[in-house]
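Numbering (my numbering), first residue to last: 2 to 119. C-beta atoms are modelled at their ideal positions from N, C-alpha and C, and glycine is treated no differently. Being a predicted model, the structure only gives us computed values, none of them experimental.
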Ligand code: TYC
């Protein structure tokens, strides 16, 4: 190259990518963030016949409450008409409602238990 000539412009270096044999590369932009699962509260209702001890046992057995907390929740239901036992995913809440109702029927108690969107 003669000394009085400007150097040629630098060209970008483009190397072909090796073919990985897996076919086309798909590039996706995530538009929607995944929502957290909706949660459901399991609610016990008061009645005049179910023994307090049975409700406390239910809260301990099915909602993993210690004796003191179970007693507080039971008394809240007794005085206010209803109370939240716990908050769970839909399937877990539905299962707990069924287990509580089955235990109440076995014991001959009219205890009512429902779930609602939290
Ligand atoms: N009210 C009941 C009683 O006096 C006790 C009770 C508490 C019943 C909570 C249901 O979800 C309940 N024996």
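Which of the three DSSP states is assigned to residue i in this structure?
i           : result
residue 70  : helix
residue 50  : coil
residue 62  : helix
residue 96  : helix
residue 76  : helix
residue 118 : strand
How long is the line joining the alpha carbons of residue i and residue j, rounded to whole angstroms?
i           : j          : result
residue 83  : residue 56 : 12 Å
residue 108 : residue 35 : 43 Å
residue 64  : residue 87 : 7 Å
residue 96  : residue 25 : 45 Å
residue 52  : residue 94 : 23 Å
Can you give the beta carbon distance from residue i to residue j, rounded, assuming they're within the 8 Å contact cut?
i           : j          : result
residue 119 : residue 41 : 6 Å
Examine the Cβ distances between the region 72–81 and the region 111–119 and report whether three or more of them are shorter than 8 Å. no
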